[in-house]
Amino acid sequence: MINANWKIIIETIGMLIYATFMGFIFMGIERKVMARIQRRIGPPIYQPIIDTLKLLGKKESVSHGFIYDFGPVFALGASITALLFIPIANFQLFSSNADLIVVAYLLEVPMLGIMLGAMSSGNPFSALGVQRGLLTMVAMQLPYGLAIIALVQHWGTFKLSEIVALQQVHGWSITVPALILALIVFDIVFQAMLGLEPFDIVTAPAEISMGPMVEYGGKHAALLFTQHAVQLFAETTFFTVLFLGGASNLLELLIKQIAVLFIAIFVASIYPRFTVDQAAKFFWKWPTIIGIIAVLLTM
Amino acid sequence: MNMMIPLILFTPLIAGVLTWVLNFRGVRELIGTLGALTPLVLLAKIYPTLMSDGPITYTITVSGFAITFRLGTLNWYFATIASLVGVAMAFGMISTSRNGYDWLFALMSYTGVLGVFLSWDFISFFLLWELMTFASFMMVLKRSRHESLKYFVLSVIGAYSMLLAISILYAKTGALDFTTIGRYLYANVMLGSMGRGEIILVFVLFLTAFGVKAGAFPLHVWAPGAYSENDQSYTAFFSGALSKAGVYGFLLLYPLMGTELYYALGTFHNHLTFAYIISWIGAVTVVVASFLAVLQEDMRKLFAYSSVGQVGYILLAFGLGTSLGLAGGLFHVLSHAIFKGLFWLVTAAIILQTGKTRFEDLGGLAEKMPITFAMALIAVLSLAGIPPMAGFASKWLIYEAAISAHMPLVAGAIFLGSGLAFAYVVRFLYAVWFGQRPSDLENVKEAPLPLIIGMAILAILNVVFGIAPGLVTKYINVLLGNPVIAGNYYKLVTPTGTYNALSVTLILIVGLAIAGLIYLYGANARRIPVTDTYQSGNPVTDEFNLSMRRNFYRPLAEALGFWLRYSFDRFYERLASIGEDFGDWLRKGFYNGNVQAYAWYLTIVLIILALWGVL
Amino acid sequence: MSEDGGFISYELKEFKLFEPLFRWARKKSLWIVAFCTGCGGIEIPPLATARYDYERFGILPNPSPRMGDLFLITGYVTPKTLKRIIITYEMMQDPKYVLAHGSCPINGGVYWDSYNVVKQLDRYIPIDVAIAGCMPRPEAVMDGIMEIMRKIENGEADGWKRYRENYEWYKKNQDQLFGEGWREKEARRWLAWI
């Protein structure tokens, strides 16, 4: 059972507020950097917070059924759960209760919630979005798994706090040659996890009208935006914990997260979009081969 | 002698015969359900004695051969899982079966499976194995000849391989019961009384025999047809319990022949070679079956391929060679039985109420059958491996075991298999429960009560074993003899990782509460019909097709275009048709209706007999 | 299914505490429904590119009307387009604003004597801000956007309120132009097998 410790409760609430806020800032940084690369000015960094407030402030809301309402709620709940099991900087939160595999699965559960909601809205565009989202996920699972396996085999443990501690002692993961290959594979998969080009096949704004989210507006869209923010924060922290040695305070974590985010944005601003079968063939060719080499080297 | 074991074993068979004889509507359901419940009740009653006193045995001697049945920890585990699924099957069959034929053979196969799990020597093992196969064959025969023939031929190949292997073992060791064989083989490892070639032959024969039943990769071709062309409540038992008989056989290889195989085949990069082979068979099964499941158009075939894939998980776990792997595999036996049983009962409900099996005819049933939908959602969460359900706990253990045992490529195959499981399960959800409803499904009603009771039993078990996986792992620790998985009722602790199911559940509830608060703050949502949807501004009515029900995963079929050209199913069918053509040619050649040819045959035979001196 | 889908009888939610905050948020993050009506659709991309960048005001094109709040009617409107505009407008969620771009929605513009162009758009859809010109230059459009942001801040942008309160009048005009039951008739025209 969990010890209902006041310290943990206050830490959790504080971390949730911080993570949501910083997640929105990361989304804003994404838009600002893309704009600057295109030689525009771009929105202010806190723009996603304004967007979410506007969506929450809509005076009307529609629904296509119980699962349509439940989908975004479930997605946000699962993202919050995934966040609380990762050791963030020097706050352990609940990370002694769940390890790497649990967190990796919990980071994929929100997609199920969004898919459930999208499917129940009964729109063909949503169905197409669901198909593409699932196939992208299927395509990226193999290299994703191989990268994580290489990492775990090298450090010999699944617990995230121990991985951080081992990296503080022995040096970051990227100083190990075999794990650089794992880093390359994980970075390519990371683009798909974040939903950035060339793998933003799920949403594909101009092709299928926002994909799964086409029928979502108002407060449901606000929930989905908040979920995207929390997910972004959780995923960048996951990357940092696995490959960049965690962090000893929040500022160092922020710097590492922004570094990871910048690499993702730079790649995203160059590439157009893949189609789904091209993405599947791509993922199962070179990233898988590099992943297999990495895994065999750490065996 | 203690009569408990024969009671457990033969009550279902007697109940089955009684239902066939007294073929009246209420009576046969009552007798059938009682017959299915008895083993479960007796097994529950015997649990305290088992824990305190140790295994119970029961022997009959028939003309010099001693037939032994044993109820130890391993047997009790498998037998209870089989009876749980059997009870759910019985409740399902109350609604879906219409005649005593189904009840007779379903209960006969129930006895067969219990017998396979409780027998402790090869005679009863083989006899009850054949009884189980025969009964399930009869269930398939009633509905489709071609599929039943495929099932029959493959099962017979497996059974004869097993018979050969048993005979070789008898010839070498002079005994047929497991204890003696195990002891003899272990003691004679150094003397080398069994040659290396013979051990490998026995291993391959047993692999074939158990592989057919479990549905391992090249021998899985009977499974989609046999699982589909069947009473779906019975398929819950068929795929939930009968495939476990094959897996049980694989597990038996360890105590019986483990040391012999180790000395014969050695190790390969620090892994036991024979276990490595089993593990790779499991990994290939997982990948191939899951890919095929994603591309199916028929609901039953999708679940059939999914069953084959999940049993591949169990084989993979058993083949890792570590005790953590065995624990993970045993847990997955339980969770696969309960979530796959639940899936097949849901399918039975859908087919019973709508009469349709292909995805293109179904849609939008979530409003009409809400309870069945809730059960399907629980099963989906369990199969996709979402914490906190039973499916996730067992998958977590298998991941831990595979990566700790330094078999990374096999673990990569499991990752891919899990992703594919997610994909086909969401396809099922979308095509059947969401989207636009076809006009001929407007009057569909909720499933009948007995079927709901059967589904509820399995769903509650799913949730309970998901939130408290320690209940199962404590028993598995007792089974394996040493504490492999530490932790309390809610928490699983292995040397390299932890998983606290209760804390994940509680935090998920907290997360849902926070999200719900934000949801409740916004404007009230009003319900709109499915035609009020954005189609680039075009007006839409009910006559438009708003759902994508066919070829949902066509891009994947395009990406896999090269591999889909090869298929073991077509290979076997081609072999069978070559055999048929050969037989036809022989028949036309010899029985050609030509009187002169017959006169020649007569003459030749008479000459041979004369030369031999008989005439 | 009733013609309006029940949205007229729906009671809107009033945010008592945070209304000024929400009004500021609505002003600073207008999302345009990506619906380019007539020949004026060509004047929107220059606004999005580097020279007149509208993203610094938070404006984004969004393909889904459920998530959009600003509808740009850029150019002339034929009855065929007007049907789609009305359906999309009713899918947007309150509060929503309409910006009429060009002279054609105001009085017919260049097509003042055509049989196929709607002359006075204000009878079918409530308009908040109208920008004259054929086509207006991007600076004029930016001026119009500033005007609508000012109106939102003052609470004067009430096209959606007018639509709800005077729905019978709007519906009468729409039915007069298209005929009764025009949604079902229009839907059936596009079913190839009927």
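Protein chains in written order, with our numbering: chain A, 11 to 309; chain B, 190 to 804; chain C, 1004 to 1197.
Positions of the beta carbon are idealized from the N, C-alpha and C atoms, including for glycine.
Check	Outcome
How big is the Cα-Cα spacing for A:Thr146 and C:Ser1012?	42 Å
Quick check on this structure: which residue in B:Ile370, B:Ala579, B:Val410 has the alpha carbon closest to the alpha carbon of B:Phe757?	B:Val410
Compute the Euclidean distance between the alpha carbons of C:Phe1060 and C:Leu1124, then round it to the nearest angstrom.	27 Å
Grouping DSSP H, G and I as helix and E and B as strand, with all else coil, what is A:Thr91?	helix
Quick one: does C:Ala1143 have its CB under 8 Å from some CB of chain B?	no
How would you list, in chain order, the residues of chain C whose beta-carbon sits under 7 Å from the beta-carbon of B:Val729?	Ala1190
Would you grab the beta carbon distance between A:Gln151 and B:Gly608 for me? Rounded to a whole angstrom, and I think it's under 8 Å.	3 Å
Leaving aside the five residues before and after C:Val1121 along the sequence, list all residues of the same chain whose C-beta is less than 6 Å from its C-beta, in chain order.	Val1080, Leu1085
In whole angstroms, give me the CA-to-CA distance for B:Leu551 and B:Asn651.	27 Å
According to a CB-to-CB cut-off of less than 8 Å, which residues of the stretch 41-58 of chain A neighbour chain C?	Arg41, Ala45, Gln48, Arg49, Arg50, Ile51, Gly52, Pro53, Pro54, Gln57
Tell me the rounded alpha-carbon separation between A:Ile299 and A:Tyr281.	22 Å
Go ahead and pull the three-state DSSP assignment for C:Ala1037.	coil
Which residues in chain B have a C-beta closer than 8 Å to the C-beta of A:Ser219? List them in chain order.	Tyr723, Ser725
Would you mind telling me which residues of chain A sit closer than 9 Å to B:Thr585, beta carbon to beta carbon, in chain order?	At residue 585 of chain B the sequence reads Trp, which differs from the Thr that was named. Residues of chain A passing the Cβ test: Asp109, Ile111, Val112, Tyr115.
Could you check where the alpha helix (DSSP H) with A:Leu260 kicks off and where it finishes?	260-280
Report the option in B:Gln542, B:Thr246, B:Thr730, B:Ile642 whose CA atom is closest to the CA atom of C:Ile1090.	B:Thr730
Let's test the definition: count the other Cβ atoms within 10 Å of the Cβ of B:Arg334 and tell me whether it reaches 16, buried, or not, exposed.	exposed
I'd like to know whether the C-beta atoms of A:Ser131 and B:Thr722 end up nearer to each other than 8 Å.	yes
Let me know the secondary structure DSSP gives B:Pro559 once reduced to three states.	helix
Starting from the beta carbon of B:Glu732, find every residue of chain C whose beta carbon is closer than 7 Å, and list them in chain order.	Leu1194
To be precise: take each residue of the stretch 1009-1023 of chain C, compare its Cβ to all Cβ atoms of chain A, and keep it if any distance is under 9 Å. Which residues remain?	Phe1010, Tyr1013, Leu1015, Lys1016, Glu1017, Phe1018, Phe1021, Glu1022
Name the chain C residues whose beta carbon is nearer than 8 Å to that of A:Met223?	Ser1067, Met1070
Leaving out five residues on either side along the sequence, give the residues of the same chain with a beta carbon under 7 Å from the beta carbon of C:Tyr1055.	Pro1049, Pro1141, Met1145
Excluding the 5 residues preceding and the 5 following C:Asn1119 in the sequence, name in chain order all residues of the same chain whose CB lies nearer than 6 Å to its CB.	Thr1081
Indicate whether at least one CB of chain C lies closer than 8 Å to the CB of B:Ala139.	Only positions 190 to 804 of chain B appear in the structure, and residue 139 of chain B is not among them; the question remains open.
Does DSSP put B:Val251 in a helix, a strand or coil?	strand
Contact between the stretch 392-411 of chain B and the stretch 242-255 of chain B: three or more CB pairs below 8 Å?	no
Where does the unbroken alpha helix (DSSP H) through C:His1104 begin, and where does it stop?	That residue, C:His1104, is in no alpha helix (DSSP H); its beta strand (DSSP E) goes 1100-1104.
Determine the burial state of B:Pro559: buried for a count of at least 16 other Cβ atoms within 10 Å of its Cβ, exposed for fewer.	exposed
Can you list the residues of chain A that B:Tyr290 reaches, using a CB-CB cut of under 7 Å?	None at all; the shortest Cβ gap to chain A is about 40 Å.
For C:Ile1076, tell me which candidate among C:Ala1133, C:Ile1062, C:Trp1027 has the shortest Cα-Cα distance.	C:Ala1133
Work out the CA separation of B:Leu303 and B:Met190 for me, nearest whole Å.	For B:Met190, the predicted structure reports a pLDDT of 49, less than 50, and the residue's modelled location is therefore unreliable. The matter cannot be settled from this model.
Determine, using beta carbons only, whether C:Lys1090 comes closer than 8 Å to chain B.	A small correction: the amino acid at residue 1090 of chain C is Ile; Lys does not occupy that position in the sequence shown. Answer yes: the Cβ-Cβ gap between C:Ile1090 and chain B drops below 8 Å somewhere.
Quick one: is C:Pro1098 near chain A, going by C-beta distance under 8 Å?	yes
Among B:Leu365, B:Ser337, B:Pro627, whose alpha-carbon lies nearest the alpha-carbon of B:Glu732?	B:Pro627
Between B:Val719 and the ligand ADP, is the CB less than 7 Å from at least one heavy atom?	The ligand ADP is not part of this structure, which contains no ligands at all.
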